[in-house]
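Asks:
There are 2 protein chains.
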Amino acid sequence: MSAETHPELTKNQALVFGSLSGAGGPLTAYAILDQLRDDGFRAPLQVYRALDKLVEYGMVHRLESLNAFVACAHTGCAAHGAAAFAICERCGDVSEFTPEKAIDLLRNWTEQQGFRLSRTTIELRGTCKACASSN
Amino acid sequence: MSAETHPELTKNQALVFGSLSGAGGPLTAYAILDQLRDDGFRAPLQVYRALDKLVEYGMVHRLESLNAFVACAHTGCAAHGAAAFAICERCGDVSEFTPEKAIDLLRNWTEQQGFRLSRTTIELRGTCKACASSN
DNA sequence: CCGAGGGCGTTACTTTATAACACAAATACC
DNA sequence: GGTATTTGTGTTATAAAGTAACGCCCTCGG
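These protein sequences, in sequence, are chains A and B.
To convert, note that position 46 of the first sequence is 87 in the working numbering; the numbers rise steadily by one, no gaps.
To convert, note that position 93 of the second sequence is 134 in the working numbering; the numbers rise steadily by one, no gaps.
#1: Identify whether A:L92 lies in helix, strand or coil by the three-state DSSP scheme.
#2: In chain A, which residues lie less than 9 Å from B:T151 when you measure between Cβ atoms?
#3: Under 8 Å by Cβ, that's how I've got B:G167 and A:F156 pegged, so tell me the actual separation to the nearest angstrom.
#4: Roughly how many whole angstroms lie between the Cα atoms of B:L187 and B:A91?
#5: Closer than 7 Å between beta carbons: that is the criterion. Which residues of the segment 94–106 of chain B meet it against chain A?
#6: Residues of chain B with CB closer than 9 Å to the CB of A:A173, please, in chain order.
#7: Within 8 Å of any Cβ in chain A, is that where the Cβ of B:P140 sits?
#8: So B:T162 contacts chain A; which residues on that side make the cut at Cβ distance below 8 Å?
#9: List the DSSP bridge partners of B:G167.
#10: Going by DSSP, what residue range makes up the alpha helix (DSSP H) through B:S62?
#11: Output, in sequence order along the chain, the residues in the segment 61–73 of chain A whose CB is closer than 8 Å to any CB in chain B.
#12: Check whether the Cβ atoms of B:L74 and B:P85 lie closer than 8 Å to each other.
#13: Distance, Cα to Cα, B:A171 vs A:S174?
#14: Provide the residue span of the beta strand (DSSP E) that contains A:L104, from first to last.
#15: Rounded to whole angstroms, how far is the Cβ of A:P140 from the Cβ of B:L107, which I believe are closer than 8 Å?
#16: Using only the alpha-carbon positions, how far apart do B:G133 and A:V111 sit?
#17: Quick one: grab the DSSP three-state call for B:S136.
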């Protein structure tokens, strides 16, 4: 899978990705399902199956602490490998960023332990600038 | 358990903490519930309420990517503030560690953004040394 | 005494995610 | 072309994780 080109998406995958991209923020699988009722979606599995593939392709990230999914901010994130998220608990805004040095340090730790790293989850909860100042 | 670092636990909190401590690894809320049936536990809420407090006290961590909970490895983790976890997907073993430099870098990023950080989740998925070598 | 807050027990419920089964479409291979 | 294999799809049913709402019983400070 090339980092620059997206794989060919199936119809369902394209619908789910479109829904997430259009949202401009994270959506739960069931929220996506509701959005896609008019496109013929009837069951959660249709969404989860598409999401599994999109996550595998690096086009979508799963936010573990929200049980939600978000389109990758980098249109071809697979190259980056790891991403981090700052999640505002007030307004729900999510910022994706790539703290390479921090990730290097974590990877170094795993290598020292003989731990073979496959996936890194970094999620920061708090209050975004806008919400913190509008207090 | 030190009276200085730990608050007085209620009966339910002590039971849940004991269950988690004895497990030597993560447990889901429902697994804890099953373990405590003989102690009179009947409903998930009894577990979740205790867990909420234990997490608040820093004695228990929630593993977001497993929907599970684990007793803090440091008996008084509240001081450390943030922890990271390496989760073996083969044997389920979880190692807690405290990557202070990586956390500092993440905190610096949030400060630059004006993001007020309240909670940090770092979870590494992969294969532990023992499982990787017993291949 | 009493009243406010915290913890507790229970029922019912919502949200999140998978299992199992059957069919269809694309791909691979000779 | 024909056939095996994989991959995607649709559906029903069910499991797993988490919460709302209610009422009761403590206990602690006034």
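Idealized CB from N, CA, C, for every residue including glycine.
Replies: Concretely, from the data shown:
#1: In the first sequence, the residue the question calls residue 92 of chain A occupies position 51. A:L92: helix per DSSP, three-state reduction.
#2: Working through the second sequence from its first residue, we reach residue 151 of chain B at position 110. Here the neighbours are A127, L165 and G167.
#3: As a first step, residue 167 of chain B must be located in the second sequence, where it is residue number 126. As a first step, residue 156 of chain A must be located in the first sequence, where it is residue number 115. Contact flag correct, Cβ pair sits at about 6 Å.
#4: Because chain B spans 42 through 176 in this model, residue 187 of chain B falls outside it and cannot be assessed.
#5: Within the segment 94–106 of chain B, the qualifying residues are E105 and S106.
#6: Counting from 1 along the first sequence, the entry for residue 173 of chain A is found at position 132. Those are G155, F156 and R157, listed as they occur along chain B.
#7: For the purposes of this step, residue 140 of chain B is identified with residue 99 of the second sequence, where counting begins at 1. For B:P140, a Cβ of chain A is located within less than 8 Å of the residue's own Cβ.
#8: Numbered from 1 along the second sequence, position 121 holds the residue referred to as residue 162 of chain B. Residues of chain A passing the Cβ test: E105, S106, T162, I163, E164, L165 and R166.
#9: Taking the second sequence and counting its residues from 1, one reaches residue 167 of chain B at position 126. According to DSSP, residue pairing for B:G167 in a beta bridge involves A:L158 and B:C129.
#10: Locating residue 62 of chain B in the second sequence gives position 21, where the first residue counts as 1. It spans K52 to A64 - the alpha helix (DSSP H) in which B:S62 sits, taken as one unbroken run.
#11: From the segment 61–73 of chain A, no residue has a Cβ closer than 8 Å to chain B.
#12: Start at 1 with the first residue of the second sequence, and residue 74 of chain B comes out as number 33. Start at 1 with the first residue of the second sequence, and residue 85 of chain B comes out as number 44. Cβ atoms of B:L74 and B:P85: closer than 8 Å.
#13: What you label residue 171 of chain B is simply residue 130 of the second sequence in a count that begins at 1. What you label residue 174 of chain A is simply residue 133 of the first sequence in a count that begins at 1. For B:A171 and A:S174, the gap between their C-alpha atoms comes out near 49 Å.
#14: As a working note, residue 104 of chain A is residue 63 in the first sequence. In this chain, the beta strand (DSSP E) harbouring A:L104 covers V101 to L104.
#15: Position 99 of the first sequence, counted from the first residue, corresponds to residue 140 of chain A. Position 66 of the second sequence, counted from the first residue, corresponds to residue 107 of chain B. Taking the Cβ atoms as the reference, A:P140 lies roughly 23 Å from B:L107, outside the contact range of under 8 Å.
#16: If you number the second sequence from 1, residue 133 of chain B lands on position 92. If you number the first sequence from 1, residue 111 of chain A lands on position 70. Straight-line Cα distance between these residues: approximately 27 Å.
#17: Taking the first residue of the second sequence as position 1, residue 136 of chain B is located at position 95. In the structure shown, B:S136 adopts extended strand secondary structure according to DSSP, grouped into three states.
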